[in-house]
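Numbering (the numbering used here), first residue to last: 426 to 709. Just so you know, even glycine gets a beta-carbon here, dropped at the ideal spot from N, CA and C. Note that this is a predicted model, so its numbers are computed, not measured. So the structure is just underneath, and the comments pick up after that.
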Amino acid sequence: MSHQPKPSVFPANINKYQAGELAQSPDLLAVEEPLEIQLNFIANDEITERKVSVTMRTPGHDFELATGFLFSEGLIKSPKDIIRIRHCESIKKPEEQGNVVKVTLRPHVKVDLQRLERQFYTNSSCGVCGKTSIEAIQLTGCPNLPIDAPKITADILLGLPASLRNQQMVFEHTGGLHAAALFDNKGHLLAMREDVGRHNAMDKLIGSQLDNTEVFHSSIALLSGRLSFELVQKALTAEIPIVAAVGAPSSLAVQLAQNYGMTLVGFLRNERFNIYTHPTRVQV
């Protein structure tokens, strides 16, 4: 039985207050449904199946989301570690249809079971103090980024939010999604993904480009919301040297970017921006 793609928007009738009057009006909502990621792998010479994560997401690009999540959390190093990825057809409840993805890893891939258990229970949240989080990043072997490239001019940087907004088709209908995008240093859009969860949008974006990871090394990531530690960590895993956002960064996000040579730009809107770390990549 083939899986039918789920819609990303949902029609609704609302009561809209405008110009002193309340009237019924049709509207579109961003769809939010759970996605469970299951992992099949070899452990102690036995086939093992574990739940890795349950995340609330907007349906669409589910395989990219699962792949990007596994990569950014250090559970795989490349898409080549995956034999097969599919929507699970053996479901127990009708609402699970299309909402469970099973990823089968190659026999040689070693899965850290303790890390796997911890990842499932924390589920995209730190769950620990900042110092421990940054030390955990160091243990995964994230590199220090070369601070001399790429370069981007201030004018091109200022134009990125408008370019992103022009591509946010679902956002235009609903106003309810986060976006993550990759641009080259000339301002050309390379890829963009949307989701109700900012972490999911980033995982989808990373998952969409894992067959050509070199693109990350010379690109700029733009995020439609704020900059959290987890988002910077995901970008660092993909070795993206410049990360910008229309919102504010957290203190831990700035600390992580500073430690690993990433240029972090916040409040990129209304013809202004703040550079929090490694400003030499931005030419004014």
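Length of the line joining the Cα atoms of residue i and residue j
{"i": "Thr705", "j": "Lys576", "result": "8 angstroms"}
{"i": "Glu489", "j": "Asn610", "result": "24 angstroms"}
{"i": "Thr480", "j": "Phe494", "result": "10 angstroms"}
{"i": "Ser450", "j": "Ala663", "result": "43 angstroms"}
{"i": "Tyr701", "j": "Ala678", "result": "10 angstroms"}
{"i": "Leu500", "j": "Leu460", "result": "18 angstroms"}
{"i": "Gln658", "j": "Gln443", "result": "42 angstroms"}
{"i": "Ala618", "j": "His512", "result": "Per the sequence shown, the amino acid found at residue 618 is Arg instead of Ala. Near 20 angstroms, if we compare the C-alpha coordinates of His512 and Arg618."}
{"i": "Tyr685", "j": "Gly445", "result": "53 angstroms"}
{"i": "Ala424", "j": "Val709", "result": "For residue 424 there is no data in the structure shown, the boundaries of the chain being 426 and 709."}
{"i": "Glu458", "j": "Gln683", "result": "35 angstroms"}
{"i": "Met530", "j": "His642", "result": "According to the sequence provided, residue 530 is Leu. The question's Met does not apply to it. Rounded to the nearest angstrom, the two C-alpha atoms are 26 angstroms apart."}
{"i": "Cys554", "j": "Ala448", "result": "Any answer about Cys554 is weak, because its pLDDT of 46 lies below 50 and its placement is not dependable; what the coordinates show is given next. Taking the straight line from one Cα to the other gives about 49 angstroms."}
{"i": "Leu693", "j": "Pro586", "result": "7 angstroms"}
{"i": "Leu602", "j": "Ser433", "result": "10 angstroms"}
{"i": "Phe608", "j": "Gly584", "result": "11 angstroms"}
{"i": "Gln604", "j": "Val536", "result": "Correcting the residue identity first, residue 604 is Ala in this sequence and not Gln. So the two alpha carbons sit approximately 30 angstroms from each other."}
{"i": "His747", "j": "Asp487", "result": "The structure shown does not extend to residue 747, since the chain is modelled only from 426 to 709, so the question has no answer here."}
{"i": "Arg590", "j": "Val671", "result": "11 angstroms"}
{"i": "Ala574", "j": "Ala660", "result": "16 angstroms"}
{"i": "Leu454", "j": "Phe435", "result": "5 angstroms"}
{"i": "Glu471", "j": "Pro532", "result": "10 angstroms"}
{"i": "Gln463", "j": "Thr578", "result": "43 angstroms"}
{"i": "Gly485", "j": "Pro430", "result": "7 angstroms"}
{"i": "Thr547", "j": "Thr492", "result": "For Thr547, the pLDDT reaches just 47, beneath the cut-off of 50, and the residue's location in the model is therefore unreliable, although a value from the coordinates is still provided. Each residue's alpha carbon lies about 18 angstroms from the other."}
Residue i: first and last residue of the uninterrupted alpha helix (DSSP H) it sits in
{"i": "Met627", "result": "623-633"}
{"i": "Thr662", "result": "654-662"}
{"i": "Gly493", "result": "487-497"}
{"i": "His603", "result": "Taken as a continuous stretch (DSSP letters only), His603 belongs to no alpha helix (DSSP H), being part of the beta strand (DSSP E) at 603-608."}
{"i": "Ala678", "result": "676-685"}
{"i": "Leu589", "result": "579-592"}
{"i": "His642", "result": "639-642"}
CB of residue i within 7 angstroms of CB of residue j, strictly
{"i": "Ser675", "j": "Ser653", "result": "yes"}
{"i": "Ile572", "j": "His703", "result": "yes"}
{"i": "Ala606", "j": "Leu656", "result": "no"}
{"i": "Ile667", "j": "Thr688", "result": "yes"}
{"i": "Ile581", "j": "Gly612", "result": "yes"}
{"i": "Val477", "j": "Asp506", "result": "no"}
{"i": "Gly691", "j": "Ala673", "result": "yes"}
Limits of the beta strand (DSSP E) - the one that residue i falls within
{"i": "Arg475", "result": "471-482"}
{"i": "Arg694", "result": "688-694"}
{"i": "Asn465", "result": "458-468"}
{"i": "Ala444", "result": "Segment: none, Ala444 is in no beta strand (DSSP E) and carries neither H nor E."}
{"i": "Leu646", "result": "The question names Leu, yet the displayed sequence has Ala at residue 646. 645-648 is the extent of the beta strand (DSSP E) around Ala646."}
{"i": "Asn699", "result": "697-702"}
{"i": "Glu619", "result": "614-620"}
{"i": "Ala670", "result": "667-670"}
{"i": "Val525", "result": "525-530"}
{"i": "Ile510", "result": "507-512"}
Assumed close pair residue i, residue j - CB separation to whole angstroms, cut-off 8 angstroms
{"i": "Asp628", "j": "Ser497", "result": "6 angstroms"}
{"i": "Asn465", "j": "Lys527", "result": "6 angstroms"}
{"i": "Asp452", "j": "Ala437", "result": "5 angstroms"}
{"i": "Val456", "j": "Thr473", "result": "32 angstroms between Cβ atoms; not a contact."}
{"i": "Leu614", "j": "Val640", "result": "In fact, because the Cβ distance is near 12 angstroms, the residues do not count as touching under 8 angstroms."}
Distance cut-off 6 angstroms: residue i Cβ against heavy atoms of the ligand NAD
{"i": "Leu693", "result": "This structure lacks the ligand NAD, and indeed carries no ligand of any kind."}
Below-7 angstroms beta-carbon distance, residue i vs any chain D residue
{"i": "Glu461", "result": "In the displayed structure, chain D is absent; only one protein chain is listed."}
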